[in-house]
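Enquirer: In the numbering used here, the protein residues as written are 54 to 431.
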Ligand SMILES: Cc1ncc(COP(=O)(O)O)c(C=O)c1O
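Right, dumping it as structure tokens:
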């Protein structure tokens, strides 16, 4: 079979990689934190090399053309007419979650549960409380229970942290579901921080990402959308993301709580982001095709292993695996002992699961499957 460029393993040892250092000198495949093992698009590495060759790395401001490139991208990809003045660039998306909590200052913040761990910690670290709303599996899709969400709202609830596409679970919310959510938020006067970092990582043909804020001006006025090139182009280590805040008063509050605490994006982050948005989409299409192949392979193989279950999912390179039938108190440790390092489900709010990052060459995935099969044989 013809080799795909993404088949080529890249040696990430001795590169201070968070993902790889965890299992340094141990025979455990690192399949946890959400970056991929693929080299970035040539357009990005070339732009970075050119910038580094210049040799002067002083204070840097946003490249003049970045805002218009980003808003045109929103129009083209998502039919969303965002305005340039709505954008606030940040060195990390998690900072955006925290700043949203601080800007809204809600005594109680709702989040779906299961969820990417910083959603659970940001409200408490910002002086409020977090309340998890259950997710339900409906026809094989993990969805926020909107009835439970509405029932949980009290006068102390002013903020919802929402994630679409969902991490973990890979759900892409459909228009009617988002409309239902928007309706609840408008009726109860909630602000929504919508983390859409995985919006470009849709694997299922015919499935589209819809930015929540694109539904109507009414919902846009109460939404802080968070996006980034980091997952799309595998440049998480360069730290660049963006908050899109149409409402001026909310944007001012967000900027105010950021002032003096959250720095600007660094010059390499901006350089890579600009190159990615200008010239990275061809690479990204190839990456999506490759990841789709990995997902289909995983769906087939995981569901053949006794004790493991994986529901079909539409987006992300993160597989949310149901391991409740594996007899162990600590599933992630059990799989580490078998040589596969996954994220523990308990960190996301459900200890019956583990999360496997399949952003890697197929050969690594095949080896992981072999190890999982062996660990659960007999
Ligand atoms: C839903 C979600 N939000 C935020 C992040 C992290 O964003 P950043 O590294 O820009 O803080 C991730 C990374 O996995 C994520 O999955």
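Positions of the beta carbon are idealized from the N, C-alpha and C atoms, including for glycine.
This structure is a prediction, so every number in the text was calculated from the model and none was measured.
Let's see if you can read the secondary structure: which residues bound the alpha helix (DSSP H) around residue 402?
Expert: Taken as a continuous stretch (DSSP letters only), residue 402 belongs to no alpha helix (DSSP H), as it is neither H nor E.
Enquirer: Which residue from 329, 326, 269, 406 puts its Cα closest to that of residue 361?
Expert: With distances taken between CA atoms, residue 361 lies nearest to 406 out of 329, 326, 269, 406.
Enquirer: Taking 7 Å as the limit between beta carbons, can you name the residues of its chain near residue 101, skipping five residues before and five after?
Expert: Excluding positions up to five away in sequence, the list reads 321, 324, 325.
Enquirer: Excluding five sequence neighbours on each side, which residues of the same chain lie with their C-beta closer than 7 Å to the C-beta of residue 189?
Expert: 196, 198
Enquirer: What did DSSP end up calling residue 69 once you bin it into helix, strand or coil?
Expert: Assigned with DSSP and collapsed to three states, residue 69 falls in coil, not helix or strand.
Enquirer: Should the segment 372 to 387 be called in touch with the segment 228 to 243, which here means at least 3 C-beta pairs below 8 Å?
Expert: no
Enquirer: Got a sec? Which residues, its chain only, sit under 6 Å from residue 295 by beta carbon, not counting five neighbours each side?
Expert: The beta carbon of residue 295 sits closer than 6 Å to the beta carbons of 140, 142, 280 from its chain, once the five residues preceding and following it are set aside; these are given in chain order.
Enquirer: Does the beta-carbon of residue 294, which I'm using as the reference point, lie nearer than 7 Å to any heavy atom of ligand 1?
Expert: yes
Enquirer: Do residue 342 and residue 88 have their C-beta atoms closer together than 8 Å?
Expert: no
Enquirer: CB-CB under 6 Å to residue 397, same chain, minus the five flanking residues each way: which ones, in chain order?
Expert: 385
Enquirer: Going by alpha carbons, who is nearest to residue 172 out of 134, 151, 66, 192?
Expert: Taking residue 172 as reference, the option from 134, 151, 66, 192 with the minimal CA-CA separation is 151.
Enquirer: Let me know the secondary structure DSSP gives residue 244 once reduced to three states.
Expert: strand
Enquirer: Between 57, 76, 97, which has its C-alpha nearest residue 333's C-alpha?
Expert: 97
Enquirer: DSSP on residue 395, reduced to helix/strand/coil?
Expert: Three-state DSSP puts residue 395 in coil, outside helix and strand.
Enquirer: Can you say whether residue 204 is buried or exposed, counting buried as having 16 or more other CB atoms within 10 angstroms of its CB?
Expert: exposed
Enquirer: Name the residue from 206, 422, 70, 310 whose alpha carbon lies nearest to the alpha carbon of residue 162.
Expert: 206
Enquirer: Does the beta-carbon of residue 174, which I'm using as the reference point, lie nearer than 7 Å to any heavy atom of ligand 1?
Expert: no
Enquirer: According to DSSP, simplified to helix, strand and coil, what is residue 220?
Expert: Coil at residue 220, not helix or strand.
Enquirer: State the Cα-Cα distance for the pair residue 336 and residue 60, rounded to the nearest angstrom.
Expert: 14 Å
Enquirer: Might you give, ordered along the chain, the residues of its own chain that have their beta carbon closer than 6 Å to the beta carbon of residue 261, omitting 5 neighbours on each side?
Expert: The same chain holds no residue with a CB closer than 6 Å to that of residue 261 once the five nearest residues on each side in sequence are set aside.
Enquirer: Check whether the Cβ of residue 147 sits closer than 7 Å to any heavy atom of ligand 1, and report yes or no.
Expert: Because some heavy atom of ligand 1 lies under 7 Å away, the Cβ of residue 147 counts as near it: yes.
Enquirer: Given residue 202, which residues of its chain have a CB within under 7 Å of its CB, disregarding the five upstream and five downstream residues?
Expert: 163, 186, 237
Enquirer: Tell me which same chain residues have a C-beta within less than 6 Å of the C-beta of residue 209, skipping the five on either side of it?
Expert: 160, 161
Enquirer: State the Cα-Cα distance for the pair residue 291 and residue 114, rounded to the nearest angstrom.
Expert: 15 Å
Enquirer: At the level of alpha carbons, what is the spacing between residue 285 and residue 219?
Expert: Here the alpha carbon of residue 285 sits roughly 15 Å from the alpha carbon of residue 219.
Enquirer: To which residues does DSSP link residue 194 through a beta bridge?
Expert: Partner(s): 191.
Enquirer: For the segment 278 to 340, list the alpha helix (DSSP H) runs that are entirely contained and at least 4 residues long, ordered along the chain.
Expert: 301 to 311, 320 to 332
Enquirer: Assuming residue 194 contacts residue 224 (C-beta within less than 8 Å), just tell me the rounded distance between them.
Expert: 5 Å
Enquirer: Identify every run of the alpha helix (DSSP H) within the segment 125 to 176, keeping only runs that are complete inside it and at least 4 residues long; order them along the chain.
Expert: 146 to 157
Enquirer: For the beta strand (DSSP E) holding residue 406, just list the boundary residues, first then last.
Expert: 406 to 410
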